[in-house]
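Be aware that the sequence shown starts at 991, since it is given in my numbering, and climbs by one per residue.
Glycine included, each C-beta is placed from N, C-alpha and C at the ideal position.
Everything numeric in this text was worked out from a predicted model, so none of it was measured.
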Amino acid sequence: MLNLQTGIDSLTNFKRQTSSYLQQLRASGTPIVLTVNGKAEVVVQDAAAYQRLVEQAAKAEREETVAAIREGLADAEAGRVKPARKALKALARKYGIPTQGE
């Protein structure tokens, strides 16, 4: 997690002391926000921390997908569904989309 007290520095300092910043990134696993003219420009983090972030995002996406599938199956079991053709025709009417034969 980004520490707003210590996790912000200038790009100029980063360029001057790249080696020490890289050591810090590896040791802490936390990203650093680099600024240009006082404005946040880039976020730098080590590869292992980035990989963890990507894996966490993928896991969250899978969990959301599984939850949505379970919700759909529960709706189907409870009879809260309608035939696809009927639903598509209703949407077409609602949004003024012509259908075949019109």
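Local Cβ density within 10 Å of residue i, reported as buried at 16 or more and exposed below that
i: I1087; result: exposed
i: Q1013; result: exposed
i: I1022; result: buried
Residue i, enclosing beta strand (DSSP E) - first and last residue
i: A1030; result: K1029 to V1034
i: V1026; result: I1022 to V1026
i: I998; result: I998 to S1000
Cβ-based neighbour list, residue i, same chain, cut-off 8 Å, excluding 5 preceding and 5 following
i: T1025; result: I998, D999, S1000, L1001 and E1031
i: V1071; result: D1065
Nonlocal neighbours in the same chain, by C-beta distance under 6 Å from residue i, ignoring five residues either side
i: T1089; result: A1082
Cβ distance (whole Å) where residue i is taken to contact residue j below 8 Å
i: L1015; j: V1044; result: Their Cβ separation, rounded to whole angstroms, is 16 Å, which puts L1015 and V1044 out of contact at 8 Å.
i: G1019; j: A1039; result: 5 Å
Three-way DSSP call (helix, strand, coil) for residue i in this model
i: K1072; result: coil
i: G1019; result: coil
i: T1089; result: coil
i: Q1013; result: helix
Start and end residues, alpha helix (DSSP H) containing residue i
i: Q1041; result: A1037 to E1067
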